[in-house]
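Here is the structure we will look at, set down as structure tokens.
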Amino acid sequence: MTMTDSSLETVLRRDRLVVAGAVGVIIALAWGYMLWLAADMDMGGMDMTGFRMIPAGIGIMAPANAPWGAIEFAFVFAMWAVMMVGMMAPSAAPMILIYARVGRQGKADGKPLAATGWFAAGYFLAWTGFSLAATLFQWVVERAALLDFRMASASTVFGGIVLIAAGVYQWTPLKDVCLAQCQSPFQFLMRHGGFRGNVPGCVMLGLRHGAYCVGCCWVLMALLFVGGVMNVLWIALLALLVLLEKLTPFGRWVARAAGVAFVAVGAAMLLSSPR
Numbered sequence: 006m007t008m009t010d011s012s013l014e015t016v017l018r019r020d021r022l023v024v025a026g027a028v029g030v031i032i033a034l035a036w037g038y039m040l041w042l043a044a045d046m047d048m049g050g051m052d053m054t055g056f057r058m059i060p061a062g063i064g065i066m067a068p069a070n071a072p073w074g075a076i077e078f079a080f081v082f083a084m085w086a087v088m089m090v091g092m093m094a095p096s097a098a099p100m101i102l103i104y105a106r107v108g109r110q111g112k113a114d115g116k117p118l119a120a121t122g123w124f125a126a127g128y129f130l131a132w133t134g135f136s137l138a139a140t141l142f143q144w145v146v147e148r149a150a151l152l153d154f155r156m157a158s159a160s161t162v163f164g165g166i167v168l169i170a171a172g173v174y175q176w177t178p179l180k181d182v183c184l185a186q187c188q189s190p191f192q193f194l195m196r197h198g199g200f201r202g203n204v205p206g207c208v209m210l211g212l213r214h215g216a217y218c219v220g221c222c223w224v225l226m227a228l229l230f231v232g233g234v235m236n237v238l239w240i241a242l243l244a245l246l247v248l249l250e251k252l253t254p255f256g257r258w259v260a261r262a263a264g265v266a267f268v269a270v271g272a273a274m275l276l277s278s279p280r
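Going by this note's numbering, the first residue of the sequence shown is number 6, and it counts up by one from there.
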């Protein structure tokens with residue numbers, strides 16, 4: 006039986022509320038977890054020279070030169086995975102809402118909300134893969150003594166190089182291609198086959214969109230190693246930059262202006278580093 010326009014609009018409005026509410030809860034939980042970890046990492050201003058904090062939220066620390074164990078690796082990976090959800094979910098929300106709307110309009114008797122959930126799962130699966138890579142990178146730079154106990158750069162040279170690399174990437178064609186895919190959710194759907202009703206199709210489409218998003222924003226996430234992986238203000242500023250890049254009509258110029266700023270600050274850091 007065909008839905009009338011008014012009843013379809015009512016269902017669409019309900020779907021939007023359900024999806025938006027679910028995304029909002031996920032964002033709140035992710036940010037709550039990050040604030041909890043950040044408070045634990047602060048340790049009340051104690052002198053942590055010679056030690057490093059393990060982001061577990063329960064005051065675990067280890068000698069700075071001690072090798073990582075499996076438990077520490079798991080805690081660091083969980084930190085990155087949850088942080089990526091908290092940072093990227095706000096900018097992914099329009100895409101997720103559009104996917105639910107297209108599903109409802111094209112298949113009113115199907116299960117667009119379930120399909121949307123699988124699409125979102127595929128999207129965050131891409132960022133989970135990035136989180137694994139970030140965890141491995143953090144292990145490498147900690148072994149090289151380039152991070153302090155707050156997981157921020159302990160080397161002016163390292164920080165400057167990361168900033169300059171991030172700034173240059175903001176001007177590359179790859180950045181432009183990935184950003185274009187993220188800025189036009191409806192066009193992305195139409196270009197890649199539209200709504201998928203089956204679970205594998207939903208997950209793969211979400212994974213593909215997430216891969217473009219990783220390609221667009223991975224370098225901004227690398228900047229967390231400069232300002233501090235658990236610096237909540239720095240995390241919020243980078244999340245805001247991602248939102249401006251993706252959700253504003255002048256996002257490409259925001260990205261390029263940020264790139265210029267990154268290069269300038271990075272160059273200043275290198276020039277000021279001890280010879």
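Here a beta-carbon is modelled for each residue, glycine too, at the ideal position from N, C-alpha and C.
(1) Under 8 angstroms between the Cβ atoms of residue 159 and residue 151?
(2) In this structure, does DSSP put residue 113 in helix, strand or coil?
(3) Can you tell which of 35, 204 and 154 has the C-alpha that lies nearest to the C-alpha of residue 86?
(4) Tell me the residue span of the alpha helix (DSSP H) that contains residue 57.
(5) Use the C-beta contact count for residue 76: other C-beta atoms within 10 angstroms, 16 or more gives buried, fewer gives exposed.
(6) Going by DSSP, name the residue or residues bridged to residue 67.
(7) Quick test of your reading: residue 46 and residue 235, contact by CB under 8 angstroms. State the CB separation rounded to the nearest angstrom.
(8) May I ask you to verify whether the region 181–192 touches the region 214–224, counting CB pairs closer than 8 angstroms and requiring at least 3?
(9) Based on Cα-Cα distance, which residue from 178, 83, 43 and 25 lies nearest to residue 240?
(10) Answer yes or no: do residue 95 and residue 105 have a C-beta to C-beta separation smaller than 8 angstroms?
(11) Can you tell me whether residue 278 is buried or exposed, with buried defined as 16 or more other CB within 10 angstroms of its CB?
(12) In whole angstroms, give me the CA-to-CA distance for residue 83 and residue 32.
(13) My parser needs the alpha helix (DSSP H) runs of 4 or more residues fully inside the region 135–211; what are they?
This is what the structure holds:
(1) yes
(2) Residue placement at residue 113 cannot be trusted, given a pLDDT of 49 that sits under 50; the coordinates are not used to answer.
(3) Nearest of 35, 204 and 154 to residue 86, Cα basis: 35.
(4) Run containing residue 57: none in the alpha helix (DSSP H); it sits in the beta strand (DSSP E), 56–58.
(5) Around the Cβ of residue 76, a 10 Å sphere holds fewer than 16 other Cβ atoms; the residue is exposed.
(6) 57
(7) 5 angstroms
(8) yes
(9) Across the set 178, 83, 43 and 25, the C-alpha of 43 shows the shortest separation from the C-alpha of residue 240.
(10) no
(11) exposed
(12) 15 angstroms
(13) You should have 161–174, 178–188 and 190–196.
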